[in-house]
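Asker:
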Amino acid sequence: MRYLSFLLATAVLLPAADPTFYKDVLPVLENRCIECHRPGEIGPMPLQTYKQVRPWAASMKEQVETGKMPPWDADPKYGHFANDRSLTAAEKATLAAWAKTGAKEGDPKQAPPHRQFVEGWNIQKPDVVLSMPKPFPIPASGQVDYQYIVIPTGFKEDTWVQAAEIRPSDRSVVHHMVIWIREPGNKWLRGEANPGEPFGPPNGLQRGDTGGLGSEILNIYTPGMVPDVWKPGQAKMIPAGSDIVFQMHYTPNGKATQDQTKLGLVLAKEKPKQRIITLSSSNTRFEIPPGDPNYEVITTLQLRNAATIESFFPHMHLRGKDYTYRITYPDGKVETLLSVPRYRFNWQLAYKPAQPLLIPAGSKIEGIAHFDNSPNNPNNPDPKAKVHFGEQSWEEMAVAFIDVAVDVNTTRRDFMRRPASGDHE
Ligand code: HEC
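First residue of the sequence shown? That's 55 in my numbering, and the numbers climb one at a time after it.
Written out as structure tokens, the structure is:
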């Protein structure tokens with residue numbers, strides 16, 4: 055009996071002795087890799103057929119053993135995440151063993167069923183697609199100011215969004231983008247340009263004043279970000295008559311091109327029970343000394359109301375080194391909620407807790423950023439610079455984004471306000 059359970063355990067934990075593509079490798083790729091490594095997605099090559107994958111066998115082994123692929127940078131010691139795409143030890147060992155034993159093809163009959171995707175999207179077929187009306191030209195070189203494009207939704211009633219995906223037409227030049235929901239009464243960017251017409255920088259906009267005058271963030275695009283798909287019963291709300299504001303950060307990459315980004319929305323079929331709101335805390339008053347290998351910047355968010363955390367999204371630029379979310383509960387207990395020990399600028403990911411993370415009113419959440427401004431940081435654009443807050447990649451940011459689920463009738467403004475009755479602090 056004991057012997058049997060030992061056998062069963064090893065069968066699960068160890069890679070197949072003589073792995074083949076169809077039986078052992080393809081299931082891993084289907085599960086963990088082709089969300090990106092298929093035509094039209096961000097992976098540089100498709101990994102779907104034996105012919106496509108065979109030349110990459112050694113490189114795949116190396117990439118998974120060094121933890122570069124699949125991109126997932128959370129320290130497994132802290133928290134469990136629903137969108138964790140890291141490989142199990144057995145999956146890694148399978149890819150390694152396959153490369154070492156000659157990358158055999160095997161029997162196509164043993165292939166797993168193909169994973170189905172909606173053509174052109176990583177969400178279900180969207181009910182609404184809001185697109186930049188015209189492509190925006192990006193020059194081969196130089197700096198492009200942030201571009202703002204206001205797109206009216208035309209929504210006649212409050213609209214609940216179950217899933218949202220941002221699709222640039224040329225990802226190679228999109229550094230990141232933020233999409234805001236501008237409500238009818240909000241004056242932000244009014245009168246700057248005609249709807250659909252890109253402009254930037256807006257008149258009178260202060261450096262760093264990109265907060266949308268209280269507008270809520272719908273979603274954010276960065277390379278490697280998965281689309282936002284909220285749980286059943288949870289959704290984001292776009293109030294009737296709102297506009298969507300695209301804020302585009304384009305980075306020229308040596309070749310003149312153009313981009314026409316679109317936003318796909320899957321609407322909730324019924325009114326949800328909970329509303330998702332995006333909170334952020336940012337620190338704009340820091341100066342990273344030249345050459346400093348480990349400069350710390352902390353941002354603090356004091357929660358006056360209870361909530362459930364649905365997502366963490368740490369944001370820094372090229373000198374970003376590591377990032378931690380730490381909570382101090384009202385009773386003084388301190389806990390690490392997420393640790394990203396090796397932050398990668400090219401892989402800005404959201405981390406979604408697997409279990410509801412209930413945060414009592416009166417908790418304090420800190421985002422702890424470290425920056426490496428030394429010459430040892432291969433991404434450092436200038437180790438001799440004093441670095442301040444700023445929008446461009448050679449400047450820095452330390453922003454802790456957090457998505458929380460709250461009662462469906464609560465707005466972000468309500469949430470950030472002190473509770474009307476009872477003092478929970
Ligand atoms: C979230 C998207 C994503 C996922 C998931 C992903 N990749 Fe990648 N992969 C990329 C991108 C983008 C690059 C190129 C940039 C980089 O290396 O960061 C890349 C690069 C690679 C490379 C190096 C290619 C080269 O030119 O040297 C290999 C090999 C690779 N991936 C294998 C895998 C394997 C195997 C998996 C699954 C176990 C996987 N990737 C999962 C997006 C992804």
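Virtual Cβ for every residue (Gly too), placed ideally from N, Cα, C. Quantities reported herein were computed from a predicted structural model and do not represent experimental measurements.
Would you kindly work out how many angstroms separate the C-alpha atoms of Asp468 and Glu95, rounded to a whole number?
Answerer: For the purposes of this step, residue 468 is taken as residue 414 along the sequence shown, with counting starting at 1. For the purposes of this step, residue 95 is taken as residue 41 along the sequence shown, with counting starting at 1. Asp468 and Glu95: Cα-Cα distance of roughly 39 angstroms.
Asker: Using only CA atoms, which one of Thr142, His369, Thr311 and His168 lies nearest to Ile274?
Answerer: Position 220 of the sequence shown, counted from the first residue, corresponds to residue 274. It is His369 whose Cα lies nearest to the Cα of Ile274.
Asker: Return yes when the Cβ of Gly254 is within less than 9 angstroms of the Cβ of Arg221, no when it is not.
Answerer: Taking the first residue of the sequence shown as 1, we reach residue 221 at position 167. Taking the first residue of the sequence shown as 1, we reach residue 254 at position 200. No, the pair does not count as a contact, with Cβ atoms beyond the cut-off.
Asker: Indicate, with yes or no, if the ligand HEC has a heavy atom lying under 8 angstroms from the CB of Glu219.
Answerer: Locating residue 219 in the sequence shown gives position 165, where the first residue counts as 1. Result no, Cβ not under 8 angstroms from the ligand HEC.
Asker: Find the nearest neighbour of Lys163 within the set Trp110, Val453, Asp78 and Asn433, judged by alpha-carbon distance.
Answerer: Along the sequence shown, one-based indexing puts residue 163 at 109. It is Asp78.
Asker: So the candidates are Met186, Val232, Pro238 and Pro191; which of them puts its Cα closest to the Cα of Lys210?
Answerer: For this step, residue 210 is matched to residue 156 along the sequence shown. Answer by Cα proximity: Pro238.
Asker: Excluding the five sequence neighbours on either side, which residues of its own chain have a C-beta within less than 6 angstroms of the C-beta of Trp401, listed in chain order?
Answerer: Here residue 401 is taken as the residue at index 347 of the sequence shown, counted from 1. Result list for Trp401: Pro125 and Gly278, in chain order.
Asker: Find out if the Cβ-Cβ distance for the pair Val320, Ala459 is shorter than 9 angstroms.
Answerer: Start at 1 with the first residue of the sequence shown, and residue 320 comes out as number 266. Start at 1 with the first residue of the sequence shown, and residue 459 comes out as number 405. Their beta carbons are not under 9 angstroms apart, which means Val320 does not touch Ala459 by this criterion.
Asker: Near the ligand HEC, which residues have their beta-carbon less than 7 angstroms from any of its heavy atoms, given in chain order?
Answerer: Here the residues come out as Val82, Leu83, Arg86, Cys87, Glu89, Cys90, His91, Ile96, Gly97, Pro98, Met99, Leu101, Trp110, Ser113, Met114, Gln117, Val118, Lys122, Met123, Pro124, Pro125, Arg139, Leu141, Leu149, Pro277, Gly278, Asn400 and Trp401.
Asker: Run through the segment 271-333 for me and flag every whole beta strand (DSSP E) of 3 or more residues, listed as ranges in chain order.
Answerer: DSSP runs (the beta strand (DSSP E)) wholly in the segment 271-333: 288-292, 297-304, 311-313 and 316-321.
Asker: Who does Leu184 pair with in a DSSP beta bridge?
Answerer: The residue given as residue 184 occupies position 130 in the sequence shown. BP columns for Leu184 point to Leu317.
Asker: Phe367 by DSSP, collapsed to three states: which one?
Answerer: Numbered from 1 along the sequence shown, position 313 holds the residue referred to as residue 367. Here Phe367 sits in strand by DSSP.
Asker: What beta strand (DSSP E) runs, 3 residues minimum, are completely inside the segment 399-440?
Answerer: As far as the segment 399-440 is concerned, its whole beta strand (DSSP E) runs of at least 3 residues are 411-413 and 418-425.
Asker: Helix, strand or coil: which one does DSSP assign to Phe469?
Answerer: Here residue 469 refers to the residue found at position 415 of the sequence shown. In this structure, Phe469 counts as helix in the three-state DSSP scheme.
Asker: Which of the three DSSP states, helix, strand or coil, is assigned to Gln102?
Answerer: Stepping through the sequence shown from its first residue, residue 102 is reached at position 48. It is coil, neither helix nor strand.
Asker: Is it the case that the segment 411-422 contacts the segment 303-323, given that we only count it when at least three CB pairs across the two stretches are under 8 angstroms?
Answerer: The segment 303-323 vs the segment 411-422: no contact.
Asker: Between which two residues does the alpha helix (DSSP H) holding Lys154 run?
Answerer: Against the sequence shown, residue 154 aligns to sequence position 100. Start and end: Ala143 to Lys154.
Asker: Please report the Cβ distance between Ile352 and Gly421, rounded to the nearest whole angstrom; I am assuming they are in contact, meaning their Cβ atoms lie under 8 angstroms.
Answerer: Here residue 352 corresponds to residue number 298 of the sequence shown, with the count starting at 1. Here residue 421 corresponds to residue number 367 of the sequence shown, with the count starting at 1. Confirmed, Cβ separation roughly 7 angstroms.
Asker: Quick test of your reading: Tyr379 and Tyr397, contact by CB under 8 angstroms. State the CB separation rounded to the nearest angstrom.
Answerer: As a working note, residue 379 is residue 325 in the sequence shown. As a working note, residue 397 is residue 343 in the sequence shown. No, Tyr379 and Tyr397 are not in contact; Cβ-Cβ is about 13 angstroms, not under 8 angstroms.
Asker: Which same chain residues end up closer than 7 angstroms to Glu119 when comparing Cβ atoms and leaving out the 5 residues on each side of it in sequence?
Answerer: Here residue 119 refers to the residue found at position 65 when the sequence shown is read from its first residue. Result list for Glu119: Lys146 and Ala150, in chain order.
Asker: Straight-line CA distance for Arg373 to Ile292?
Answerer: Indexing the sequence shown from 1 puts residue 373 at position 319. Indexing the sequence shown from 1 puts residue 292 at position 238. Approximately 35 angstroms, taken between the alpha carbons.
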